[in-house]
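There are 4 protein chains.
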Amino acid sequence: MLGASGYAGRELCALILRHPRLSLAYATANSQKGETAFLPGGGSVTFDAADAIDLDRAKLAFSALPHGASAEWVARAREAGVKVVDLSADLRIGNGASTGIPYGLTEWNRDAVRGAAVVANPGCYPTSALLAILPLLTQGLVAPGAVINIQASSGVTGAGLTARLDLLFGEITENYRAYGVGNSHRHLKEMRAMVEGKDVELLFTPHLLPVARGILSTITVPLRAALPDVLAPFRAQYASEPFIEVTPDLPELRQVNGRNVVRLTARAVDGLRAPTLQVFSAIDNLMKGAAGQALQNANLMLGLEEPMGLPQ
Amino acid sequence: MLGASGYAGRELCALILRHPRLSLAYATANSQKGETAFLPGGGSVTFDAADAIDLDRAKLAFSALPHGASAEWVARAREAGVKVVDLSADLRIGNGASTGIPYGLTEWNRDAVRGAAVVANPGCYPTSALLAILPLLTQGLVAPGAVINIQASSGVTGAGLTARLDLLFGEITENYRAYGVGNSHRHLKEMRAMVEGKDVELLFTPHLLPVARGILSTITVPLRAALPDVLAPFRAQYASEPFIEVTPDLPELRQVNGRNVVRLTARAVDGLRAPTLQVFSAIDNLMKGAAGQALQNANLMLGLEEPMGLPQ
Amino acid sequence: MLGASGYAGRELCALILRHPRLSLAYATANSQKGETAFLPGGGSVTFDAADAIDLDRAKLAFSALPHGASAEWVARAREAGVKVVDLSADLRIGNGASTGIPYGLTEWNRDAVRGAAVVANPGCYPTSALLAILPLLTQGLVAPGAVINIQASSGVTGAGLTARLDLLFGEITENYRAYGVGNSHRHLKEMRAMVEGKDVELLFTPHLLPVARGILSTITVPLRAALPDVLAPFRAQYASEPFIEVTPDLPELRQVNGRNVVRLTARAVDGLRAPTLQVFSAIDNLMKGAAGQALQNANLMLGLEEPMGLPQ
Amino acid sequence: MLGASGYAGRELCALILRHPRLSLAYATANSQKGETAFLPGGGSVTFDAADAIDLDRAKLAFSALPHGASAEWVARAREAGVKVVDLSADLRIGNGASTGIPYGLTEWNRDAVRGAAVVANPGCYPTSALLAILPLLTQGLVAPGAVINIQASSGVTGAGLTARLDLLFGEITENYRAYGVGNSHRHLKEMRAMVEGKDVELLFTPHLLPVARGILSTITVPLRAALPDVLAPFRAQYASEPFIEVTPDLPELRQVNGRNVVRLTARAVDGLRAPTLQVFSAIDNLMKGAAGQALQNANLMLGLEEPMGLPQ
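Residue numbers (the working numbering), protein chains in the order written: chain A, 1 to 312; chain B, 313 to 624; chain C, 625 to 936; chain D, 937 to 1248.
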């Protein structure tokens, strides 16, 4: 585990420690080397400096290094013959030059992930939104030229374990605000890349919630035609997926807390001239939005069963 | 004060106690008669049964009785020659038969309020949304036939001081969810009535935040044409309004907590073919969204200065 | 599971569903019969009326019925030949007539629990406090005649899933208060009964925290003599206990969230004439303080391994 | 205002802006010079570098500079002939050499404050605790040689507006913990100095609450003899105090939020051999515990009415 001291890194260390077939070869964190951190769910990990460890002590490395710093370490790991799941944005689709590296939105890219040496793990917002809209797009249900309006709210761990004044408890409690507006958030690139070729546009507005974990996306989708059964496209797509819960009820953050699932539903919008659907999608940003999905991908890359060691 | 034991009622009692020209003639709450409640900001009030008081001990009555129960008491107060600000939905525009009673969205209906014997105080969500979109609509800036997408999130006091399991702390903390979806929330009627005659449709999705107070509305508006200065329509409209803060920054709930203001900004949405604006509007649902606006209206009805006794 | 719809009941249903050797024969909740509830960690349960089920479909029944109502169902289950872990206060030591029923503070009563047909599961506060003070008392370290001052703070789920105005999110967030003061809380009886015969007195003050789960007890203990190693009494006592974490660091609620453990430490108090110790003890009130400890006891009563199916 | 960018500094700027007789001559914050900050309750302030302002533009300066840095600026202000209220610990009683500077616990030191050129404003915890125990001590009600056990819990703004990982929302929400234990917190010095000469010892344990503001102290006091009326000593002492609320009810943090008051009650402890009292005391750490009390002192130093410009 490279860059293990942040929220996603610690979550992944905890998953690895409980995994029936994996063990934790190393956990690096230059700024906290020698320190021991308590892990979610119990247990602890002591951090090494990245330069002090032999990368090839592991068959597969997870990198939760900061955006920008990760790509270099992915390259080093590859030289050492180590497979990598990169949780940073560095190698993701839509972020600069085409890399040919699979985008690890597992349910949509399973075959490419299975054979890959490197996988770019999706961002948390894109995971929440893409799993909700791709069934509609691939089944041709969206109105041509439509603007898909993605309004999403995230818990503060999405911003990482960084000492920022605006993330202090005193600034977040009893507060709520939008940020990264004007369609300017970095995650929009991945989402756009994944809907390329479809005749739609994306509008994305993230908000910051006074909760530790979780993302709820409320997505408005103009339809080609009204749907007789609004859940059918999702049920058809995800019937055999262990980590996707299609439900008639509106999803809540608490239902996905600590779990590697997306929970989603859809509702027709009444009283508008054009047929319109709203899709509601909830994930734990640190699990299905980061560490959990990374482990899902790693299991596939290592020839293990995909759900192994994952809290459903 | 009729129906004084709820969140809005207590807030209003507290405002009246501190008002330089008003005093509290009575505060009724049948279910809590004889009990004394601590008021926000200090002080307390003891509740009477509604039948035990003489309505005409006051020149003006506020009613924060439940929807359905309020209309009858408004009628009684009128018979007793008492002016009324009704905080329930019973007499609001769009809620059934045309009543001719002014809708107390003060900044847009000041003249009608000033002379009225009864005023229907707006709902909290409509206050937040209408103050944000009416400048664009009245200035002809919205694309004809547009769907205005109102995504709003409210603190739990918006649901009232009612003993519901789903409003317990244990159910709300670290949680977030949509509700009243499919364009079905009661407040939509008021909003639609206020944009009647404009060639637009409204889509409204409320969400429940883990905060006590505050509403943030994120509103997407397709424009007739891109705006050279996105704040100009709001600044023009609200230049002399003491309770509307047009600001370049994104508003936050904490900035309006305990204050009788709307704080709003607008941003152009990038990367879409059609010119599109987002308006962000924050209020304290108990102040500008209920008690504060009610007092603004009462001041006008009593010939007092509109801002008298109102925080900021 | 009798009385399955409350917080402890749901937690226990979730544990049973994931248990490798147990399955859920029934889950009763008269007020919610026919309803389906989402369980912590995923999965769901549908409630039956208590009268509609055959008690002997299970070998062992958990009762999380309200205090007062539970004793009758425990009797019925016994008649049907079903073992019972009773989570109510009805049969606990110190609550009225001597029942001879073991008090299921597992680490201190393991042998009695193992052979029992009925076990009274301890209250959450007593679990937190007794595990912290019993090692000092049984090792004769406490000053004769001492007053042990137990200051404890609990999350709101400790008050149950009941529709009380004072437990609404709007009343709890950004708030904190003592309750049950003057040494009057029901849980004090169990604690006193468990220290009977020792020459000490107990002072207990509970407080209500704005968190969903967790109890932290800060306990001041006058010592017979200063201790060379303040952790030694606890390490000696609990060396082989899987669910007790003795640590040099101050325990935090987050470290025990969702886990069936007590995490505790001790510190000498400086600057006082009399040698004095403070013990800090953290539990998850719904796990080690209720459902988890109940399952620990049930495992023993059924001849299973004590830690089976328990998180950490 | 020197050191105006922290929580107490901003609170004080907001109070000054609304004060009927004071105006804000300057607000310094070297690290944020040129920046504009939103103030609690509305309005804003732009910070200057401390070196860029003429201290004597004000008749009285408040210093909320960090402990250690403040003393130097107090000296500079004095040279410039400016009175000072120092909110840091630098000049407080018990913190090193005797300074002769009045300790601004206003209700107990009013006369000394009135004539002073410099006042050391008390810490938040000492304000909460001393106002609760001094009436008992000065009236000779405490058992000789008693240990007064002060258990206090504070909101996170007490730790200041500093970018510390352990103060992030993600680390504080749903959490609670003790800190500064073993009787080692800095504030203990002030408390001990203020009870010097009384035959008592103090034990003080602070805890960190998941709330923004507020301190609740639960204080156990062994009495010389049982009291016929436990509130009488407080009512006698504080009968004419505008900022002290003696109440039969247990105080809650929400009751003092944003207000310059201490709200306190007392309860006899039942079931102990020795007569024992518990005192419960709630303040807003930023108001009565910092900015509000500072303004109370400043009003006296400037010959204004003590309550001027203070909420409630």
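Glycine residues also receive a C-beta, built at the ideal position from the N, C-alpha and C atoms.
In this text the structure is predicted, and so the values were computed from the model without any measurement.
Distance from the Cα of residue 889 (chain C) is smallest, within the candidate group D:945, D:1113, D:990, for D:1113. Here residue 952 (chain D) has 958, 960 as same chain residues with Cβ atoms under 6 Å from its own Cβ, once five neighbours each way along the sequence are excluded.
In the DSSP assignment, the residues bridged to residue 576 (chain B) are B:558, B:593. Residues of chain A whose Cβ lies closer than 9 Å to the Cβ of residue 491 (chain B) are, in chain order, 250.
Taking 8 Å as the cut-off between beta carbons, the residues of the stretch 207-239 of chain A near chain B are 207, 209, 210, 211, 212, 213, 214, 216, 218, 220, in sequence order. At the C-beta level, residue 678 (chain C) and residue 651 (chain C) stay beyond 9 Å of one another. Using a Cβ distance threshold of 9 Å, residue 1106 (chain D) and residue 1149 (chain D) do not count as a contacting pair. In this structure, the alpha-carbon of residue 235 (chain A) lies about 13 Å from that of residue 133 (chain A). Not flagged as an interface residue toward chain D: residue 886 (chain C), since no C-beta distance is shorter than 9 Å.
By a beta-carbon distance limit of 8 Å, residue 749 (chain C) contacts residue 830 (chain C). Their separation comes to about 6 Å. When the beta-carbon positions are compared, residue 883 (chain C) and residue 908 (chain C) come within less than 9 Å of each other.
DSSP places residue 1039 (chain D) within a strand segment (E or B) once states are collapsed to three. Neighbours of residue 80 (chain A) across chain B, judged by C-beta separation under 8 Å, do not exist; the nearest C-beta is about 40 Å away. Inter-residue distance for residue 1158 (chain D) and residue 1076 (chain D) is about 12 Å (C-alpha atoms, whole angstroms). Contact annotation: residue 1024 (chain D) and residue 983 (chain D) have beta-carbon atoms that are not nearer than 9 Å.
Within a 10 Å sphere around the beta-carbon of residue 993 (chain D) sit fewer than 16 other beta-carbons, which makes this residue exposed. When rounded, the separation of the alpha-carbon atoms in residue 997 (chain D) and residue 965 (chain D) is 14 Å.
If you keep only unbroken beta strand (DSSP E) runs of at least 3 residues inside the stretch 724-777 of chain C, you get 742-744.
Counting along the chain, residue 811 (chain C) sits inside the alpha helix (DSSP H) bounded by residues 811-818. DSSP, reduced to helix, strand and coil, places residue 941 (chain D) outside both helices and strands of the structure shown, so it counts as coil.
Where residue 1151 (chain D) is concerned, the enclosing beta strand (DSSP E) starts and stops at 1151-1158. Within the DSSP bridge table, the entry for residue 824 (chain C) names C:770 as partners.
With respect to the 9 Å criterion, residue 516 (chain B) and residue 503 (chain B) are classified as neighbours on the basis of their beta carbons. Residues of chain B with a Cβ closer than 9 Å to the Cβ of residue 662 (chain C) do not exist, since the nearest Cβ in that chain sits about 11 Å away.
Residue 319 (chain B) has its alpha-carbon roughly 15 Å from the corresponding atom of residue 476 (chain B).
For residue 184 (chain A), no beta strand (DSSP E) run applies, since DSSP gives it neither H nor E.
By the rule that beta-carbons nearer than 9 Å mark a contact, residue 133 (chain A) does not touch chain D. Within a 10 Å sphere around the beta-carbon of residue 86 (chain A) sit 16 or more other beta-carbons, which makes this residue buried. For residue 602 (chain B), no Cβ of chain C is located within less than 9 Å of the residue's own Cβ.
Residues 824, 825, 826, 827, 846 of the same chain have their beta carbon placed closer than 8 Å to that of residue 771 (chain C), with the five preceding and five following residues left out of the count. About 6 Å separates the beta carbon of residue 527 (chain B) from that of residue 464 (chain B), a gap short enough to meet the 8 Å contact definition.
For residue 496 (chain B), the chain A residues whose Cβ falls inside 7 Å of its Cβ are 270, in order along the chain.
Assignment of beta-bridge partners to residue 1142 (chain D) by DSSP yields D:1088. For residue 348 (chain B), the pairing in a beta bridge is given by DSSP as B:358. When beta bridges are read from the DSSP output, residue 62 (chain A) appears opposite A:85.
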